[in-house]
Amino acid sequence: MSRSPMPIEDYLRVGGDTVVVIERAREPSALLARIAGLAPWLTLIHVPDEGQARLRAEGRRPHGEITFMGPVEGRLVEVLVELIRALSTGQIPFDTPATPGLLSGLAQKRFVGVHVTASCPYCPTVARAALRLALGSPFVDVAVIRADHAPSPRVLATPSVIVDGELVATGPVGEYALAERVVAGR
Amino acid sequence: MAAGHAWVLNLDADLELGARGPSYTPAARVVAQMGDWQRQLAALLLGPEDVLIHEGREAGAARGCIGRAFCMTRRARALLERAGASPEPSPPVEVLAQVNDRAFAFALGFNLPGAELLFDAEAVAAKLATPPPSGFLGWRMKRRFGMAGRGQRVVRGEVSEVDVRFLRASVEPSGSGLVVEPEADVEREYGLHGYVESSGSLRLGSVVVQHCDARGQWSSTARAALEELSRAEADQLIARAELVAAALVRAGYFGPFGIDAFRHRAAPGGTELHSLSEINARYSMGFAVGFGRPPPPRSP
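Sequence order for the protein chains is V and P. Following this note's numbering, the numbering of the first sequence begins with 1 at its first residue and continues without gaps. Following this note's numbering, the numbering of the second sequence begins with 1001 at its first residue and continues without gaps.
What follows is the structure, encoded as structure tokens:
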């Protein structure tokens, strides 16, 4: 049976903590302004910047650093919306109940780069999974990187996941498998 | 409108915001303390055609000018209006009081270990009787509003009668409260200034080094040299300033602001950066050094 999609205004109509999104870009994003209009708990800060657009999301700590490098558009919009909702409610929609336990073993910072494009069909799932790890552990920093805006010689396909400089996944990867690779480190 | 702008450099704004009752008049010693700093600040903030407004200026001295203040308190607004200037748009005084209250910065949660906001004299006394966290020298009591190191007292070891009088005067009878935090062995003080619009648009200046005397009074500000902070530390200061800007916007504030930070000696033998020791939701002495000239005032 197919589910009808929930309208974004209903999805974001939650009572929760303040979330801050800091956008560095030449101009403020109209899309972010529209999202903020639907989520009174969201505060937007825009810092004029001629460099590559990037965005940082902050909720009630602890969580890891969360960054989007390059414009958030296409299929990445739903990733961002799910992220800010989770930051506000504190409810992390883990796929696997065992994931938080696995993350609790981390004692050192891991930097996870998820290389994506705005149109790739598998990228949102992998980006979401990585972001849940950052939401679940202050030791996991995640950057969702637009491969078409910041090409890396290591990235030949999207999605690709690089943990502390090592390519650990290309293509679809499940949340728990990703968590295992992040915890294992280099 | 005239070409220049009218400025009130009410450096005692924090005392006015923290004063109880509708009227505030600075004590003679506060006026004396401000004079020299006002001259230094005027040289940094005011443009060549700007006019400095103070109690001694004749009524109508800035007729036709847009008025701007160090902090647009009721007293600053009254001075500008008496001078014939039209004060630029500014947040309500209630918002200024809220965001310049140390309780506002405290609530953001970037506090030193063991820091507490306390409203009861007995609770403060009990706190002072406990040893500070490892690496700290004692306890510092900070009233919720104060300028240039005023309204603060450090306790190292035994609590004296003077300490008790200070804490009782701070929390009784109206219970405005005290922030009690561990006294750090400060090596270097930093600042970062910005200007935030109500839309959330933010501009940040450069990190500055602030020099203060033993009483915590400002003496000078200079841009921080590249080697002062690691890249990660500078990023941490910027991230703090961005979050402070977001909190200010959320509270209804817009305008200039600054954050203070410091590096302190920590056990064993190292140093740590405390990235948010104060929020100043107004101009400050070092504002123009790190940020440059403020944006032109908006028409009322």
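The C-beta atom is built at its ideal place from N, Cα and C for all residues, glycine as well.
Report task. Sort P:1271, P:1019, P:1092 by Cα distance to residue 1151 of chain P and report the nearest one. Result -> P:1019
| message | Please classify residue 26 of chain V as buried or exposed, where buried requires at least 16 other C-beta atoms within 10 Å of its C-beta. | response | exposed
Counting only the same chain and skipping the five closest in sequence on each side, list residues whose C-beta sits under 7 Å from that of residue 1134 of chain P. 1267
Q: For residue 23 of chain V, name the three-state secondary structure that DSSP assigns.
A: strand
So, using beta-carbon positions, are residue 1208 of chain P and residue 1269 of chain P closer together than 7 Å? no
Worksheet item: Of all Cβ atoms in chain V, is any one closer than 7 Å to the Cβ of residue 1115 of chain P?
Response: no
*When DSSP labels each residue in this structure, what does residue 1045 of chain P get in the three-state scheme?*
helix
Tell whether a beta-carbon distance below 7 Å holds between residue 1117 of chain P and residue 1103 of chain P. yes
Below-7 Å beta-carbon distance, residue 1090 of chain P vs any chain V residue: no
Requested in this report: Report the neighbours of residue 1276 of chain P on chain V: residues whose CB is nearer than 7 Å to its CB, in chain order.
Outcome: Within chain V, no residue comes near residue 1276 of chain P; the closest Cβ sits about 13 Å away, beyond 7 Å.
*When the Cβ atoms of the region 144-163 of chain V are set against those of the region 114-127 of chain V, are three or more pairs found closer than 8 Å?*
yes
Euclidean distance between Cα positions of residue 1 of chain V and residue 111 of chain V: Annotation note: pLDDT 49 at residue 1 of chain V (below 50); position unreliable, no value reported.
_Whether or not the region 1083-1092 of chain P and the region 1056-1071 of chain P are in contact is what I'm after, with contact meaning three or more pairs of Cβ atoms, one per stretch, closer than 8 Å; do they touch?_
yes
query = Mapping DSSP to helix, strand and coil, what is residue 1333 of chain P?
reply = Within the shown structure, residues of chain P are numbered from 1001 to 1300, placing residue 1333 of chain P beyond reach of any answer.
Mind listing, in chain order, the continuous alpha helix (DSSP H) runs of no fewer than 4 residues lying wholly within the region 1148-1192 of chain P? 1161-1171
| field | Any C-beta of chain P under 7 Å from that of residue 182 of chain V | value | no
Alpha-carbon to alpha-carbon, residue 93 of chain V and residue 1183 of chain P: 42 Å
**Message:** Given this structure, state the Cα-to-Cα distance separating residue 1115 of chain P from residue 167 of chain V, to the nearest angstrom.
**Reply:** 43 Å
- Task: Could you work out which residue in P:1235, P:1220, P:1180, P:1225 is closest to residue 1204 of chain P when comparing CA atoms only?
- Result: P:1235
field: Neighbourhood of residue 1193 of chain P by C-beta distance below 6 Å, restricted to the same chain and skipping five residues each side
entry: 1205, 1258, 1287, 1290, 1291
* Asked: Applying the criterion that 16 or more other CB atoms from any shown protein chain within 10 Å of the CB defines a buried residue, is residue 1227 of chain P buried or exposed?
  -> exposed
Inside the region 23-81 of chain V only - beta strand (DSSP E) runs reaching at least 3 residues
42-48, 54-58, 66-69
query = How about residue 47 of chain V: is its C-beta nearer than 7 Å to some C-beta of chain P?
reply = yes
- Message: Suppose only complete runs of 3+ residues qualify. What are the beta strand (DSSP E) ranges in the region 74-129 of chain V, listed by chain order?
- Response: 110-116
- Message: Along the chain, where does the beta strand (DSSP E) containing residue 1210 of chain P start, and where does it finish?
- Response: 1208-1212
Exercise. Note down the Cα distance separating residue 1155 of chain P from residue 1145 of chain P, rounded to an integer number of angstroms.
Key: 19 Å
| said: With a threshold of 6 Å on Cβ separation, who are the neighbours of residue 1283 of chain P within its own chain once the five nearest residues in sequence on each side are excluded? | reply: 1070, 1256
Q.
Closer than 8 Å between beta carbons: that is the criterion. Which residues of the region 11-28 of chain V meet it against chain P?
A. 18, 20, 22, 28
Open item on the list: Rounded to the nearest angstrom, what separates residue 1005 of chain P and residue 1218 of chain P at their Cα positions?
Closed with: 26 Å
_Contact criterion: CB-CB distance below 7 Å. Does residue 83 of chain V meet it with respect to chain P?_
no
task = Kindly list the residues whose CB is nearer than 8 Å to the CB of residue 102 of chain V, restricted to its own chain and excluding five residues on each side of it in sequence; keep chain order.
result = 176, 179, 180, 183
Check your understanding: Thinking just about the alpha-carbon of each residue, which of V:7, V:52, V:126, V:64 is nearest to the one in residue 139 of chain V?
Key -> V:64
To test your reading of the DSSP string, which unbroken beta strand (DSSP E) runs of 3 or more residues are found completely within the region 1058-1130 of chain P? 1066-1069, 1116-1118
>> Please report the distance separating the alpha-carbon of residue 1124 of chain P from that of residue 22 of chain V.
In response: 37 Å
Review point. Are the region 52-59 of chain V and the region 123-130 of chain V touching, with three or more C-beta to C-beta distances below 8 Å?
Key: no
DSSP beta-bridge partners of residue 1016 of chain P = Answer by DSSP bridge pairing: none, since residue 1016 of chain P is not bridged.
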